[in-house]
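Structure, as structure tokens:
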Amino acid sequence: MGLMTFKGGLHPYEGKEISMDKEIKDYFSKSDMVYPLNQHIGAPAKPLVKKGDRVLRGQKIAEAGGFVSANIHASASGTVKAIEPRRTSGGNMAMSIVLENDGAYESIDFDENIRPLEELYCDDVRDIIREAGIVGMGGAGFPTNVKLTPKDDEAIDYVIVNGAECEPYLTSDYRRMIEEPEKLIIGLKIVVNLFPNAKGIIAIEDNKPKAIKKLRELTRDEEKITVNAMKTKYPQGGERQLIYANTKRRLNSKMLPADVGCIVNNVDTMIAIYEALIEGKPLMDRIVTVTGDAIANPCNFRVPLGTNCRELIKAAGGYMHDAPGKIIAGGPMMGKDMISLDVPSVKGLSAILCLEENVVAEMEESNCIRCGKCGGVCPSGLMPAKLAVLSARGNLEAFEVCDGMECIECGCCSYICPAKRHLTQSIASARKQVLASRKK
Amino acid sequence: MSELRKISASPHVRSELTTGEIMLDVVFALLPASVVGVYNFGYKAFLMIVVCIASCVAFEWLFEKFLNRKSTVGDFSAVVTGLLLALNLSPEVPYWMAILGCAFAIIVVKQLFGGIGQNFMNPALGARCFLLLSFTGQMTTFSYDAVTQATPLAVIRDGGTVDLMKMFLGSTAGTIGETSTAAILLGLIYLLVRKIISPRIPFCYIGTFSLLIFVYALASGIADPFYFLGMQLCGGGLMLGAVFMATDYVTSPVTPDGKVVFGVLLGILTFCFRMFGASAEGVSYAIIISNLFVPLIERFTVPKSFGKGAEHHE
Ligand code: SF4
Ligand code: SF4
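Quick note, the sequences are listed as chains A and B, same order. Residue 304 in numbering that gives the first Met the number 0 is what sits at position 305 of the first sequence, and the numbering runs on without skipping anything. Residue 127 in numbering that gives the first Met the number 0 is what sits at position 128 of the second sequence, and the numbering runs on without skipping anything.
The structure is reproduced here in structure tokens:
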């Protein structure tokens, strides 16, 4: 059988070799921790502490502000210094709890939270996951317990772990699959058991043979779990592409994975589920890859959430030269340019990527030569050149007719365009306008 | 450390491929045909190529300078136009006429419509047709070995015979670049391997044309239908047109299905022009007419998006 894949996409320079063999290192900051109240999709969390309160690591400091929202826990011990707007890696200001870190990392007693798995009903499992503040850690930040509560549990056929890690340079999921595969498998089993008809799939791109081998060995006797090797191609880890590659089921922008019987979670999320249920720990840390050709000593760090990003760069040996051309939160294809480095690491931050000045990426736009390459790589089967023209003309109606809303903003079209047109950017801006007008 | 960096939207990395590189690849693909042309027709052909490339580049530079536009000379598209036009001319054409053709190609067909990517007609072909209509006599005077001769297609039309092998290799009368099928096929392989073009247009074009010719040959009782087909394929500008002009990005459909429709349409039109038209040639007009249908073809061949028709699972 050939490798699983989807149509379209491309294979940019991977850049993973510079950090993929670096073991996960703990990094404990001694300075202030900042917890934005909106590091997930949905309503912002509501603070449970006030200025001057002393908190311990693991203590809930903000609670979900609605059904689609998430709790936030302190990742260090110390005193609440302020609750005020702070800048986030996306560039915006967000109300945040600022903790003066005493550096002791004194924690609550996690063992108290542990309940034997056998005694738990499905809803208890979901409650524990909700209580632990777990959200999708691939970047989107959708509350996991909501994802795990579809309309009909019996309709779920597959629980897929997204181990594609298709974005260049990122290696945090890979390290976890290599270093903590047992936790991943147990996490997956817990989720699979929530659904009577579900099978578990761990889907990994074939540029990570070690991870595939290790997980296959460990799941040899697990009837309900398979490890699928997928072709190394961006955006193999896009939700719709991943589901298609593994199940041949298609979904569009109006559907959720559950509509085609699938639940997708990423590696970090699964391990967070393990830690919540087995170790009694809420979500307090995550793996952040600090990498890129501008970084002296690329690293995979396990960092307490809220750690300052500038500090992480310093911990990775700082820059090779004066200043990098670009600092990106996330991967190079979909990540966001960081305006400031004095921002906290949040639940959805998988990497800080520092790149040297790149000539090609900064080339000026020239006329479209109608080569059709953008359409060829579009995983959504769209005509990006046309959508970009419609967006520039402000013709949102035609934009929607041409399925512009199906764009997943993967960046493939801009990447490939020989005229260096900013296709993704203009399509994204039209999508934003359409979404805004729908809300009205 | 300064924190002022250029902020831009994702993706933050781009492929190395540029318009200029694509155009250079097309030039490379045209080299075999150019070399055979020079070998066949001597210094006259070489000079013609130099004159056409130089004047296309010059007209592009001058026009953009004149209008204060950013110069696009660096993208090599004018080089491609010049080379293609030269390969589409008889070596007997006077240079001033060729230069006039270049001016027409670059200024009228390309720049007046907004420059690269905006024209609806292939500039080199537009110029060739313009010259054909204006100077029919000189444009259709061909020679081989310095002796004025009819092209193979014209010879056969008038009842003569031509050695098919000669036609395949290119030692016949014709325009500078069209005579050698072998050299053009080399170029085609290069373009396909480098993924510059998709095989859809040339294959559908040549396939449709062959089928029609073969059926026609059978129906009209031509003695050797295979010979007739072979010489129709190797003769005239069919190969040069199918490989290099019909596949011009700007003037052919971008949609995959559209490319198929476009190729089939070209095959039909070329067949009709050649079999029922007044001249033995028909490729240039077929391509130019099909160029006009591109927007229409694209409108009806929009690809299906990934999630179209996606269904809920019970
Ligand atoms: S890739 Fe760029 S040049 Fe090619 S068709 Fe798309 S927008 Fe035009
Ligand atoms: S960014 Fe959108 S339009 Fe461009 S390739 Fe990705 S899905 Fe297609």
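Cβ atoms here follow ideal geometry from the backbone N, Cα and C, with glycine treated the same way.
Assignment of PHE62(B) by DSSP, reduced to helix, strand and coil, places it in the helix class. Ordered along the chain, residues surrounding ligand 2 are CYS373(A), VAL376(A), CYS377(A), PRO378(A), SER379(A), LEU381(A), PRO383(A), LEU386(A), CYS406(A), ILE407(A), GLU408(A), CYS409(A), GLY410(A), CYS411(A), CYS412(A), SER413(A), LEU422(A), THR423(A) and ILE426(A) [Cβ under 7 Å from any heavy atom]. Taking C-beta separations shorter than 7 Å and ignoring five residues to either side along the sequence, the partners of LEU152(B) in its chain run GLY234, GLY235, ALA279 and GLU280, following chain order.
For HIS39(A), the nearest beta carbon of chain B is not closer than 8 Å to its own beta carbon.
Put simply, of ILE106(B), ILE288(B) and LEU83(B) the residue whose alpha carbon is nearest the alpha carbon of GLU59(B) is ILE106(B). In terms of Cα proximity to THR300(B), the closest of ASP256(B), ALA241(B) and VAL34(B) is ASP256(B). Within chain A, the residues whose beta carbon sits less than 9 Å from that of GLY116(B) are SER365, ASN366, CYS367, ILE368, ARG369 and ALA418, listed in sequence order.
Going by DSSP, ARG301(A) is part of the beta strand (DSSP E) stretching over 298-303. Contact annotation: the stretch 332-342 of chain A does not touch the stretch 242-258 of chain A, with fewer than three C-beta pairs closer than 8 Å. In the DSSP secondary-structure assignment, ILE262(A) is bridged to VAL158(A). By the C-beta density criterion, PHE398(A) is buried, having at least 16 other C-beta atoms within 10 angstroms. For the 8 Å CB-CB criterion, VAL302(A) and SER344(A) form a contact. Taken atom to atom, the span from the alpha-carbon of VAL92(B) to that of SER219(B) is near 36 Å. In this structure, ILE415(A) keeps its C-beta atom at 8 Å or more from the C-beta atom of THR18(B).
Going by DSSP, MET138(B) is part of the alpha helix (DSSP H) stretching over 135-138.
THR288(A) and VAL79(A) have their C-alpha atoms some 28 Å from each other.
Within the chosen limit of 7 Å, ligand 1 reaches the beta carbon of ILE368(A) through at least one heavy atom. Between PRO46(A) and ASN37(A), the C-beta spacing is not below 8 Å. Of the other Cβ atoms in all chains shown, fewer than 16 fall within 10 Å of the Cβ of VAL400(A); this residue is therefore exposed. Annotation: LYS109(B) has no Cβ neighbours in chain A at a cutoff of 7 Å; minimum Cβ distance is about 11 Å. For VAL79(A), the uninterrupted beta strand (DSSP E) segment begins and ends at 77-86. As for any beta strand (DSSP E) of minimum length 3 sitting wholly inside the stretch 119-188 of chain A, the runs are 157-162, ordered along the chain. When 7 Å is used as the limit between beta carbons, ARG249(A) is near these residues of chain B: PHE305, GLY306 and ALA309, in chain order. In this structure ALA210(A) does not touch THR290(A) by the C-beta definition: roughly 18 Å separates them, more than the 8 Å allowed. The C-beta of VAL56(B) comes no closer than 8 Å to any C-beta of chain A.
Interface criterion met: the Cβ of VAL249(B) is under 8 Å from a Cβ in chain A. Within the same chain, and ignoring the five residues on either side of HIS421(A) in sequence, the residues whose Cβ sits closer than 7 Å to its Cβ are GLU364 and SER413. THR80(B) is not a Cβ neighbour of ALA57(B), given a cutoff of 8 Å. In the structure shown, ALA61(A) adopts extended strand secondary structure according to DSSP, grouped into three states.
Between the stretch 128-147 of chain A and the stretch 55-74 of chain A, the count of C-beta pairs closer than 8 Å reaches three or more; the two stretches touch.
Residue pairing from DSSP places GLU99(A) in a beta bridge opposite THR78(A). The continuous alpha helix (DSSP H) containing ILE242(A) extends over residues 238-246.
Think of a sphere of 9 Å around the beta carbon of GLY374(A): the chain B residues whose beta carbon falls inside it are VAL253, THR254, PRO255 and PRO302, in chain order.
Here SER88(A) is near CYS308(A), since their CB atoms are less than 8 Å apart. About 7 Å separates the beta carbon of ALA32(B) from that of LEU239(B), a gap short enough to meet the 8 Å contact definition.
For ALA8(B), the nearest CB of chain A lies under 8 Å from its own CB, placing it at the interface with that chain.
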